[in-house]
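Enquirer: Protein chains in written order, with my numbering: chain A, 61 to 157; chain B, 167 to 665. Idealized CB from N, CA, C, for every residue including glycine. Predicted model only: the values in this text are computed from it and were never measured. Here it is, the structure in full.
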Amino acid sequence: MGRKRNAWTSRAFLGAFIVLTSLCWCPWAYGTLAGRVLGIPTWAVVAYGVAAALFVLEWVYLFCSGLAVSDEELPAIVSELKAAADDAAPAKEGARC
Amino acid sequence: MLEIGIITAICLASVLVSYAAFRRGAARSADDYFVAGSSLGYLVLIFSLLASFVSAFAMFGISGMAYRLGFGALFVLTVNLIPLGFLWYFLHRKTLLIGRARKWMSMGAPFGDRYGTTMRAIIPIVVLVASIPYLVAQVQGIGIMIETMSGHRVPYEVGLFFAPAFVALYLILGGMRGAAWVNTVQGIFFTVMVFVLFFAVMNENGGFGPTMDLVQQKHPELFKLAAQGGKAWSYPMIFGLASAMCLGCVCFPQPYMHAYSSRSAKGFKVMILVFGAICVVVISMTTMVGISGRLLAPGLKGLEADRVFGLAAGKTLPNWAAALAVAGAFTAAMTTVISVVFGNASNLANDLYKLVRPQADTKELVRLGRFCIAGIVAVCVLIAWIPNIPVADLAIIAFGIMAVTIFPLWGAYYWRRATRFGAIASTLTGVAMNLAFLVWGLANGTGMLLTPQPFLLHLNGFLVSFIVAGVVFFGVSLATKPGAAERKSLALFFHPSLD
Chain A
61 MGRKRNAWTS RAFLGAFIVL TSLCWCPWAY GTLAGRVLGI PTWAVVAYGV AAALFVLEWV
121 YLFCSGLAVS DEELPAIVSE LKAAADDAAP AKEGARC
Chain B
167 MLEIGIITAI CLASVLVSYA AFRRGAARSA DDYFVAGSSL GYLVLIFSLL ASFVSAFAMF
227 GISGMAYRLG FGALFVLTVN LIPLGFLWYF LHRKTLLIGR ARKWMSMGAP FGDRYGTTMR
287 AIIPIVVLVA SIPYLVAQVQ GIGIMIETMS GHRVPYEVGL FFAPAFVALY LILGGMRGAA
347 WVNTVQGIFF TVMVFVLFFA VMNENGGFGP TMDLVQQKHP ELFKLAAQGG KAWSYPMIFG
407 LASAMCLGCV CFPQPYMHAY SSRSAKGFKV MILVFGAICV VVISMTTMVG ISGRLLAPGL
467 KGLEADRVFG LAAGKTLPNW AAALAVAGAF TAAMTTVISV VFGNASNLAN DLYKLVRPQA
527 DTKELVRLGR FCIAGIVAVC VLIAWIPNIP VADLAIIAFG IMAVTIFPLW GAYYWRRATR
587 FGAIASTLTG VAMNLAFLVW GLANGTGMLL TPQPFLLHLN GFLVSFIVAG VVFFGVSLAT
647 KPGAAERKSL ALFFHPSLD
């Protein structure tokens, strides 16, 4: 149940991320705004606003959502991976193509 | 020549700080030399990452671009970098975790473990190819700045040798631990100096608002995007530059090296979140310094616009303060050279040379790394000798080339069906297309790698290369079967603990 909820939460974050990133990479919805606010173009102010919203979203995802890896989990994950790495031989042994 | 004296003193101080840091850290194994023994705290991580990315490009390049093209430059290295918080986490979470378990030390290591030795050998070459224009941008920027600050008494060609000589010296003395500490000090220093210069420039015309009013009266086109009738900044152009820079940031060696160097998960997350935000603050200021430069130093054309940062400092600050402001930018360029040269040396030593000589010991690898550093810097000075591309454009070209490795990286961590043939074909195709567009654009003067072209469906060469690289990656991966290397790697790269 918890895993399912996490999956939906992750998808919600991903959706918001895609929308806000597209706005940070291209002013497609606000590039035609005219005028200036505090000396700079209105479209630039909107771009800063979108960037600020995305920053907050990333902060929540990384530190408050419980979805990102934490220091409490780190040692256990690394030791499990070390064990797995010992089993899975590295590429240099028989991995030429 | 007071300005040059101050810059020289700051460079010498960098060497001393680096060497002191090295002497303090007792361990001198290859692990310490290359990734600081995974021991860097997040303050050092943040500022060393910032200093390793923020460079002559961010200072002279962006201010020069803003001088030429206006506020649209905000989409090149400020607001477009905020998505890095997610992108870096998504693409480098496994770099952090598996890297720690496998003790990775170079960018090629994850590709080698996932796709085999051929991909491991290709990555350092691709990184080197992409790094060259980026490093040339730094060396060129430093040469221009030395010439500008000395009032042309030190020729550009002599200035080219200034920083690389210092960089080689303290890299050879210090290694990553030293460089990280120096980067931190320099990162804080240039951040403060950008603030100082910004306020000095704005104060010259009675504050920020009045300065922008004056600029708009004389150059209203700087405030417009193409949709409003401006000459530059069409949406395809903005998207092409913004995505190239952001995706390139993910794929450059610095995020790999800093993921390996991170002491904790929290440090890693703070670093990737704060990086974009600091860029927005600091580089917005250099952008606006460039725009205001239209009032302070009118009439600069083409490559000349890269001088606006130094000229604005010279016209608004006392000589010693102007020298400090420019020295801040100068150290930013130096730290980037350090980071990129160092990453390349590490890649060449750990990925390429170890393939040829698996029995190579630590001493041999460190020695080779030093030779690589000297060689790379020498090549960049040679190319920068006759500058013909603005600093900003050089850097964007580098990031665009590097961005094509995002598909093999994503496939390594998130697509079980990815094959080494897909990764190799995609990387080679993307890089080759970028280089072809670069050379073609230089030959016919269209700059088609960065400027949208009608015959490319109004996309620029980077975006076309990027899309084709993605199609090739998926197509070839689906058309070929995963080999022994890929199948074996699944146990590690898709371990349940990583879900």
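#1: Threshold first: 4 residues or longer. Then list the alpha helix (DSSP H) segments lying entirely within the region 344-369 of chain B, N to C.
#2: So which residues of chain B does Gly-99/A contact, with C-beta pairs closer than 8 Å?
#3: Closer than 8 Å, Cβ to Cβ, to anything on chain B: give me those residues from the region 118-130 of chain A, in chain order.
#4: Below 8 Å, can you find three or more Cβ-Cβ pairs linking the region 242-260 of chain B to the region 120-140 of chain A?
#5: Sorted by chain position, which residues of the same chain lie with C-beta nearer than 6 Å to Ile-549/B's C-beta, five sequence neighbours on each side aside?
#6: Pick helix, strand or coil for Ile-100/A, following the three-state DSSP scheme.
#7: So Pro-574/B is in the alpha helix (DSSP H); what residue range does that whole segment cover?
#8: Give the residues from the region 429-440 of chain B that approach chain A closer than 7 Å (Cβ to any Cβ), ordered along the chain.
#9: Given Ala-113/A, which residues of its chain have a CB within under 7 Å of its CB, disregarding the five upstream and five downstream residues?
#10: In chain order, what residues of the same chain lie with their CB nearer than 6 Å to the CB of Tyr-233/B, ignoring the 5 residues before and after it?
#11: Mind checking whether Asp-665/B and Arg-286/B have CB atoms under 7 Å apart?
#12: Can the beta-carbon of Leu-363/B be found closer than 7 Å to that of Asn-371/B?
#13: So which of Ser-400/B, Val-210/B, Ala-410/B has the shortest CA-CA distance to Phe-441/B?
#14: Taking only three categories from DSSP, how would you classify Ser-130/A?
#15: Tell me the rounded alpha-carbon separation between Ala-558/B and Leu-616/B.
#16: Closer than 8 Å is the cut-off here; do at least three beta carbon pairs connect the region 572-581 of chain B with the region 309-323 of chain B?
#17: Please confirm if Val-138/A has its CB atom under 7 Å from at least one CB of chain B.
#18: Within 10 angstroms of the Cβ of Gly-577/B, are there 16 or more other Cβ atoms? Answer buried if so, exposed if not.
#19: Run the CB neighbour count on Lys-390/B, radius 10 Å, all protein chains shown included, and call it buried at 16 or more, exposed below.
#20: Grouping DSSP H, G and I as helix and E and B as strand, with all else coil, what is Ser-428/B?
#21: When burial is assigned at 16 or more other CB atoms within 10 Å of the CB, is Tyr-199/B buried or exposed?
#22: Please return the same chain residues whose Cβ sits closer than 7 Å to the Cβ of Lys-520/B, not counting the five positions on each side in sequence.
#23: Between the alpha carbons of Ala-589/B and Thr-595/B, how many angstroms are there, rounded?
#24: When the Cβ atoms of the region 215-233 of chain B are set against those of the region 89-106 of chain A, are three or more pairs found closer than 8 Å?
#25: Output the distance between the C-alpha atoms of Leu-608/B and Gln-619/B, rounded to the nearest integer angstrom.
#26: Applying the criterion that 16 or more other CB atoms from any shown protein chain within 10 Å of the CB defines a buried residue, is Gly-230/B buried or exposed?
#27: When you compare the CB positions of Gly-236/B and Leu-335/B, do they come within less than 7 Å of one another, or not?
#28: Please identify the residue among Leu-483/B, Thr-350/B, Ile-173/B, Met-411/B whose C-alpha is closest to the C-alpha of Cys-86/A.
#29: Please state if the CB of Gly-282/B and the CB of Ala-591/B are separated by a distance shorter than 7 Å.
#30: So, using beta-carbon positions, are Leu-247/B and Val-416/B closer together than 7 Å?
#31: Looking at C-beta atoms only, is the number of pairs between the region 503-516 of chain B and the region 415-433 of chain B that lie closer than 8 Å three or more?
#32: Closer than 6 Å by C-beta to Phe-565/B: which residues in its own chain qualify, once you throw out the five before and the five after it? Chain order, please.
#33: Per the DSSP calculation, Gln-383/B is bridged to which residue(s)?
#34: Reducing DSSP to helix, strand and coil, say where Gln-420/B ends up.
#35: Have a look at Met-403/B and Phe-374/B and give me their C-alpha separation to the nearest angstrom.
#36: Report yes or no: is there a C-beta of chain B within less than 7 Å of the C-beta of Thr-81/A?
Expert: In terms of the structure at hand:
#1: If only complete runs of 4 or more residues are kept, the region 344-369 of chain B shows no alpha helix (DSSP H) anywhere.
#2: Residues of chain B passing the Cβ test: Phe-374, Gly-375, Thr-377, Met-378, Asp-379.
#3: Those would be Glu-118, Trp-119, Tyr-121, Leu-122, Phe-123, Ala-128, Val-129, Ser-130, in chain order.
#4: Below 8 Å, enough C-beta pairs join the region 242-260 of chain B and the region 120-140 of chain A to call them touching: three or more.
#5: If we look at Ile-549/B and ignore the five residues flanking it on each side, its Cβ neighbours are Val-302.
#6: Annotated three-state conformation of Ile-100/A is strand, per DSSP.
#7: Looking at the DSSP string, the run of the alpha helix (DSSP H) that includes Pro-574/B is 572-580.
#8: For the region 429-440 of chain B, which is checked against every Cβ of chain A, the residues closer than 7 Å are Ser-430, Ala-431, Lys-432, Lys-435, Leu-439.
#9: In the same chain as Ala-113/A, and ignoring 5 residues on each side of it, the C-beta atoms closer than 7 Å to its own belong to Leu-80, in chain order.
#10: Excluding sequence neighbours, Tyr-233/B sits near Gly-456, Gly-459, Ala-471, Val-474.
#11: In this structure, Asp-665/B sits away from Arg-286/B, with a CB-CB distance that is not shorter than 7 Å.
#12: Not closer than 7 Å, so no.
#13: Residue Val-210/B is the option with its Cα nearest to Phe-441/B.
#14: It is coil, neither helix nor strand.
#15: When rounded, the distance between both Cα atoms is 11 Å.
#16: No contact exists between the region 572-581 of chain B and the region 309-323 of chain B.
#17: Val-138/A counts as touching chain B.
#18: By the neighbour-count rule (16 or more Cβ atoms within 10 Å), Gly-577/B is buried.
#19: It is buried - the Cβ of Lys-390/B has at least 16 other Cβ atoms within 10 Å.
#20: Three-state result, Ser-428/B: strand.
#21: Model confidence at Tyr-199/B stands at a pLDDT of 47, short of 50, so the residue's coordinates are unreliable; what they give is reported in the following sentence. By the neighbour-count criterion, in which 16 or more other beta carbons inside 10 Å mark a residue as buried, Tyr-199/B falls on the buried side.
#22: Here the set comprises Ala-526.
#23: Rounded to the nearest angstrom, the two C-alpha atoms are 10 Å apart.
#24: Here the region 215-233 of chain B does not lie against the region 89-106 of chain A, with fewer than 3 beta-carbon pairs under 8 Å apart.
#25: Annotation: Leu-608/B to Gln-619/B spans about 14 Å, alpha carbon to alpha carbon.
#26: Classification for Gly-230/B: buried.
#27: In this structure, Leu-335/B does not lie closer than 7 Å to Gly-236/B by Cβ.
#28: Nearest C-alpha to Cys-86/A among Leu-483/B, Thr-350/B, Ile-173/B, Met-411/B: Met-411/B.
#29: No, they are not a contact pair.
#30: Taking 7 Å as the Cβ cut-off, Leu-247/B and Val-416/B do not qualify as a contacting pair.
#31: Touching, yes.
#32: The answer, listed in chain order, is Ala-410, Met-411, Gly-414.
#33: Its beta-bridge partners do not exist; DSSP assigns none.
#34: Gln-420/B carries a helical assignment under DSSP once its states are collapsed to helix, strand and coil.
#35: So the alpha carbons of these two residues sit roughly 28 Å apart.
#36: With 7 Å as the cut-off, Thr-81/A counts as an interface residue toward chain B.
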